[in-house]
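Colleague: My questions all concern the structure below.
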Amino acid sequence: MSTASEHAGQAALSICEALLLALNDRGVLPEHEIVGVLRDAAATHENAVGTELEMEMHRAVAEMINSIIAGGNSVRRP
22 MSTASEHAGQ AALSICEALL LALNDRGVLP EHEIVGVLRD AAATHENAVG
72 TELEMEMHRA VAEMINSIIA GGNSVRRP
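Per this note's numbering, the sequence shown starts with residue 22, numbered consecutively.
Structural data, given as structure tokens:
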């Protein structure tokens, strides 16, 4: 069963992905800049500190961001 928090997270991810695609499509940010933004976000979570529960969440978020980078979801690739 999904929670409201999970729905909010999925909505935020979809909105951010759409924004990154629009920025790339309009030529505002090239692909390497978008990937850089995603890498910075992943690094923030990889380097975070906190309780074991907080660290588990940060690791999961970093893994998700790195999966997005690997899958090329936030840039249109030929």
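In this text, a Cβ means the ideal position worked out from N, Cα and C, and glycines have one as well.
#1: Can you tell me where the alpha helix (DSSP H) with V82 in it begins and where it stops?
#2: Rounded to whole angstroms, what is the Cα-Cα separation between A69 and A91?
#3: So for S35, helix, strand or coil by DSSP?
#4: According to DSSP, simplified to helix, strand and coil, what is A43?
#5: S23 to G57, Cα distance in whole Å?
#6: Can L44 and I86 be called in contact, C-beta distance under 9 Å?
#7: Rounded to whole angstroms, what's the CA-CA distance from S35 to L42? Just pull it up for me.
Modeller: So, to answer that:
#1: Locating residue 82 in the sequence shown gives position 61, counting from the first residue. First-last of the alpha helix (DSSP H) with V82: 73-92.
#2: In the sequence shown, counting from the first residue as 1, residue 69 sits at position 48. In the sequence shown, counting from the first residue as 1, residue 91 sits at position 70. Looking at the two C-alpha atoms, the distance is approximately 22 Å.
#3: By 1-based counting over the sequence shown, the position of residue 35 is 14. DSSP places S35 in helix when its eight states are reduced to three.
#4: Walking along the sequence shown from the start, residue 43 turns up at place 22. Looking at A43 - three-state DSSP - the assignment turns out to be helix.
#5: Taking the first residue of the sequence shown as 1, we reach residue 23 at position 2. Taking the first residue of the sequence shown as 1, we reach residue 57 at position 36. Roughly 31 Å between the two C-alpha positions.
#6: As a position in the sequence shown, residue 44 is number 23, starting the count at 1. As a position in the sequence shown, residue 86 is number 65, starting the count at 1. No. Outside cutoff.
#7: Indexing the sequence shown from 1 puts residue 35 at position 14. Indexing the sequence shown from 1 puts residue 42 at position 21. Approximately 11 Å, taken between the alpha carbons.
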